[in-house]
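Letter by letter, the first sequence follows residues 0 to 156 of numbering that gives the first Met the number 0. All C-beta atoms, glycine included, are put in the ideal place defined by N, C-alpha and C. Here the structure is a predicted model, which means the values were calculated and not measured. To start, the structure under review is shown below, and the notes come after it.
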Amino acid sequence: MLPRSFYARDTVKVARELLGKELVCGSKRGIITETEAYKEDDPASHSCRGRTPRNAVMYGPAGHAYVYFCYGMHWMLNVTTEREGTAGAVLIRSLDWVSGPGRVTKELGIDKGLNNHDMTKAPLYIREGIAPKKVETTARIGINRGVERQWRFYTQL
DNA sequence: ACTACGATGAACT
DNA sequence: GTTCATCGTAGTA
């Protein structure tokens, strides 16, 4: 299981290094193949307009789950990063057997009940997996601002 | 209280 | 490439 110190670093670095790690949620698991980084002063991040009740988790300690609802039907799973007091999160977009952030949460049974869950504890956590062969870097998906930041990472196993 | 819209996915054309 | 299902959040008042 990855220690909190893994998450308490630069968000972009954490997003890049989460590729190939294994996400575990109860009896379900999968290798992370796609992530996106969202930092505090990031026009595409929920934290861009300061702290609100929804995004408060991003400002808390690293290594917690930030789960939020979007488009009236999808839950998104993020892992908080950076030091406490600084907003940052990595969106888990795909595993090796399910692609799309909305589908990841649906297949793993993740919803707001796991918001602010400590990712260094069962049932939801991340542990060492495999070394990704090649990592591609692109612009993030589904956003209108901050498009120039190449903070989406994905790999093929 | 009202309203616009979003870190999406599925089903179209 | 386009449409739409569907609702919490945040901004406005």
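Alpha helix (DSSP H) segment containing residue i, residue limits
i	result
R15	10-17
Option in the options with minimal Cα separation from residue i
i	options	result
T85	G145, I31, Y37	Y37
T32	H45, D41, S46, L17	L17
T34	S93, R28, L22	S93
I91	V23, G59, E83	V23
E81	G141, Y65, P60, N143	P60
N77	T137, K111, D40, Q155	K111
W150	M72, Y6, S44	S44
Inter-residue Cα distance where the pair is residue i and residue j
i	j	result
P100	W74	8 Å
Y70	M0	32 Å
T51	M57	10 Å
V97	V103	6 Å
P131	A88	21 Å
V11	E39	12 Å
L113	V146	29 Å
D95	L156	8 Å
Y6	T119	10 Å
I125	N115	15 Å
Per-residue DSSP class, three states only, for residue i
i	result
K111	helix
T119	strand
V56	helix
E106	helix
Y6	helix
S98	strand
R48	helix
V66	strand
I140	coil
R151	strand
R82	coil
Range covered by the beta strand (DSSP E) that runs through residue i
i	result
V134	134-137
S93	87-94
N77	73-79
V23	21-24
G29	27-38
7 Å Cβ cutoff met for residue i and residue j
i	j	result
H63	D117	yes
K27	L107	yes
I129	G29	no
P42	R144	yes
F152	R48	no
Heavy atom of the ligand ATP within 6 Å of residue i beta-carbon
i	result
Y37	The ligand ATP is not part of this structure, which contains no ligands at all.
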